[in-house]
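**Q** To start, I am sharing the structure in question, which I have written as structure tokens.
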């Protein structure tokens, strides 16, 4: 900081010494002001970010700084976190499942029969040593017994939320 002050001081002294010289005329001279921005106005299909212009984001998307566009809205039933993700609707449980019983023999047929008797044929799946009803459409199993909403196409699953759709300019 001291070096900057001494450099400014040196420049001012040089100007003052120039003004006192008789062989140099500074009459009618004027300053140039602080300058103007490099770009004064962006084109109609652009928006300004900093000192530069970038293409406008597609409808339904919002610019994130200079180079990315993020979807404004979350899908129905999802909650916008206000930043970059959509919080999923509530997950649901699949119950305690259908465990092996002594009367089942040494296979999983008995577990599947009991599950399918309650949830129809083809609607049960084994997870570990227990059979559970399959998650309903639009949900995916998490661990043994939780069904979590699946993220819509193009969104990345973060567990309890999905990233908003983003594209690069």
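Numbering (my numbering), first residue to last: 381 to 549.
Where is the CB? At the ideal position from N, CA and C, for every residue including glycine.
1) Measuring alpha carbon to alpha carbon, tell me which of 547, 539, 473 and 548 ends up nearest residue 466.
2) In this structure, what does DSSP give as the bridge partners for residue 512?
3) Is residue 544 near residue 450, with beta carbons less than 8 Å apart?
4) Look at the Cβ atom of residue 474, then the Cβ atom of residue 515, and state whether they are nearer than 8 Å.
5) On the criterion of 16 or more Cβ atoms from any shown chain inside 10 Å, does residue 529 qualify as buried, or is it exposed?
6) Strictly by DSSP, which residues pair up with residue 432?
7) Report the three-state DSSP secondary structure of residue 424 (helix, strand or coil).
8) Check residue 483 in the structure and name its three-state DSSP category.
9) Is the beta carbon of residue 524 less than 8 Å from the beta carbon of residue 546?
10) Can you look up residue 474 in the DSSP assignment and give me helix, strand or coil?
11) Excluding sequence positions up to five away, which residues of its chain have a Cβ less than 8 Å from the Cβ of residue 433?
12) Using DSSP bridges, identify the partner residues of residue 527.
13) Any idea which residues DSSP pairs residue 460 with across the strands?
14) Grab me the residues of residue 460's own chain with a C-beta within less than 7 Å of its C-beta, minus the 5 sequence neighbours each way, in chain order.
15) Since residue 489 is in the alpha helix (DSSP H), which residue starts that stretch and which ends it?
16) Among the residues of its own chain, which have a CB less than 7 Å from the CB of residue 456, if the five just before and after it don't count?
17) Can you tell me whether residue 532 is buried or exposed? The criterion is at least 16 other CB atoms within 10 Å of its CB, across all chains shown.
**A** Judging by the given coordinates:
1) Comparing Cα positions, the closest option is 539.
2) Beta-bridge annotation (DSSP): residue 512 is paired with 505.
3) In contact: residue 544 and residue 450 (Cβ atoms closer than 8 Å).
4) Taking C-beta atoms as the reference points, residue 474 and residue 515 count as a pair closer than 8 Å.
5) By the neighbour-count rule (16 or more Cβ atoms within 10 Å), residue 529 is buried.
6) In the DSSP output, where bridge partners are listed per residue, residue 432 has 429.
7) Looking at residue 424 - three-state DSSP - the assignment turns out to be coil, as it is neither helix nor strand.
8) Residue 483 falls in the helix class under three-state DSSP.
9) No. Outside cutoff.
10) In the structure shown, residue 474 sits in coil (DSSP, three-state: anything other than H, G, I, E or B).
11) Within its own chain, the residues whose Cβ lies closer than 8 Å to the Cβ of residue 433, once the five positions on either side in sequence are excluded, are 419, 422, 423, 426 and 427, listed in chain order.
12) Partner(s): 472 and 521.
13) Answer is 466, bridged to residue 460.
14) Contacts found: 454 and 466.
15) Residue 489 -> alpha helix (DSSP H) spans 489-499.
16) The beta carbon of residue 456 lies closer than 7 Å to none in the same chain, with the five residues before and after it left out.
17) Exposed: under 16 other Cβ atoms inside 10 Å.
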